[in-house]
Amino acid sequence: MDNAEKISSENRIVVRVPGTSANCGSGFDCLGLAVTIYNDLDLTLLEDERLIIESSGEGAETIPADEKNIVWKSARLVLERANLAEKFKGAIIRMENHVPMSRGLGSSAAAIVAGLFAANEIIGKPFNKNELLKFATEIEGHPDNVAPAIFGGFTVSVVDKGLVQTFSFLPKNKFKLVVAVPNFHLSTRTARQVLPKTVPLKDAIFNISRASMLVAALIEGKEKFLASAFDDALHQPYRKNLVPGMSEVFDAAKRAGALGVALSGAGPCLIAFSAANKHIENEIATEMVQAFKKNDVQADALILNLDTRGAYVIGN
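In numbering that gives the first Met the number 0, the protein residues as written are 0 to 315.
What follows is the structure in structure tokens.
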């Protein structure tokens, strides 16, 4: 540790942020959930203009180590809003990433929330979680991933005239989340380009009814109503050509006992919701990977829990 780090050690914090899955099928751009895979950020704010950025783990070789780094941009936003940007001009940023990048598990949201949350903690928490959510939405463009990264659990978010409102809840039943992770990246920009600018009224009604059923069934613990609650007509049908074998993977997961299956965020990860039963969740994972393999796509499977905490401090 050099002198500059010693001087600024009191302005150091280590935070942990969960990965997330947005949409949950029918809740396009408004539903999300946090999962138990994490990125850790060790942030030290400096009063001089030095910027040191070190990354390890997922995507380390592609993460910018300069002013373009999204963690630093997010931390700077908090400092600017708190009128402290002139005091803290630099930073030492060390990231240990476990959330796969550009796969639909909220890697960019985790980075944004980490920067905002850590900087806010260091300067004495002048902003509450709802204010951090507003900042995160400004950067990300929509709240469906950043909301669960901040609050944990399942989240329902609404944006009204720039005001973001999020309702976070925990389902009554215990779930396992089986995520099939294909070995290719898919950018959110590409996934959005294939979406139509307008949709038929019947498709809008289709999604409203299923998203409503999904939230009600989760809150009340009524698993029998989940069978069709994850179905979607607004984004998944248009994106399935970007994920080879998507329909086959969905079918395989359901045959293995999944309560529902969805494209995780913009993809290409696919997420299955399973009752907490080791035999069933392992079978779902195996079948999803095999279905991808039949379509010449190599994939790994993660079996995760619902994160109930959101971003939090793990050390200073």
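Even glycine gets a Cβ: it sits at the ideal position worked out from N, Cα and C.
| Item | Value |
| --- | --- |
| Per DSSP, what are the beta-bridge partners of Thr19 in this structure? | Ala33 |
| Just to confirm, is the Cβ distance from Ala179 to Leu78 under 9 Å? | no |
| Which value, in whole angstroms, describes the spacing of the CA atoms of Lys5 and Thr43? | Confidence in Lys5 is poor, its pLDDT being 43 and thus under 50, which makes the residue's placement unreliable; the coordinate value appears in the next sentence. Taking the straight line from one Cα to the other gives about 10 Å. |
| Using CA atoms only, rank isn't needed, just tell me which of Ser246, Ala265, Lys253 and Ile279 is closest to Phe291. | Ser246 |
| Between the Cα of Thr61 and those of Pro99, Gly266, Ala203 and Leu45, spot the shortest distance and give me the residue it belongs to. | Pro99 |
| To the nearest angstrom, how far is it from the Cα of Ser156 to the Cα of Pro63? | 30 Å |
| Once the 5 residues before and after Gln164 are set aside, which same chain residues still bring their CB inside 6 Å of it? | Val157 |
| Below 8 Å on the Cβ atoms is my contact criterion, and I expect Ile52 with Gly114 to pass it. Report the Cβ-Cβ distance as a whole number of Å. | Rounded, the Cβ-Cβ distance is 11 Å, inconsistent with contact. |
| At the level of alpha carbons, what is the spacing between Ala3 and Ile92? | Bear in mind that the predicted position of Ala3 carries a pLDDT of just 41, short of 50, making it unreliable; the figure below should be weighed with that in mind. About 14 Å. |
| Could you say which of Asn119, Glu95 and Asp143 lies nearest to Ser73 if we only look at CA atoms? | Asn119 |
| Return the Cβ separation of Ile36 and Leu104 in integer angstroms, given the expectation that the two are a contact with Cβ distance under 8 Å. | 7 Å |
| Starting from Glu280 and walking both ways along the alpha helix (DSSP H), at which residues does that stretch end? | Lys277 to Lys293 |
| Over the uninterrupted alpha helix (DSSP H) stretch that includes Asp202, give me the two end residues. | Leu200 to Glu219 |
| Looking only at its own chain, which residues have a Cβ that is under 8 Å from the Cβ of Lys173, when we skip the five neighbours before and after it? | Ala274 and Ala275 |
| Using a Cβ-Cβ cutoff of less than 6 Å, which residues in the same chain neighbour Gly259 once the five nearest sequence positions on both sides are dropped? | Leu225, Phe229 and Phe272 |
| Do you know offhand how far Ser54's Cα is from Pro199's? | 45 Å |
| Just to confirm my understanding: we take His97, look at its own chain, exclude 5 residues before and 5 after, and list those with CB closer than 7 Å. What are they? | Ile36, Tyr37, Asn38, Gly56 and Glu57 |
| Would you be able to state if there are at least three C-beta pairs under 8 Å between the region 123-138 and the region 187-198? | no |
| What's the gap between the Cα of Ser101 and the Cα of Gln192? | 15 Å |
| How big is the Cα-Cα spacing for Ser7 and Leu45? | For Ser7, the predicted model reports a pLDDT of 46, less than 50, meaning its position is unreliable and no value from the coordinates is stated. |
| In three-state DSSP terms, what is Val163? | strand |
| Taking three-plus beta-carbon pairs below 8 Å as touching, is the region 238-255 in contact with the region 200-207? | no |
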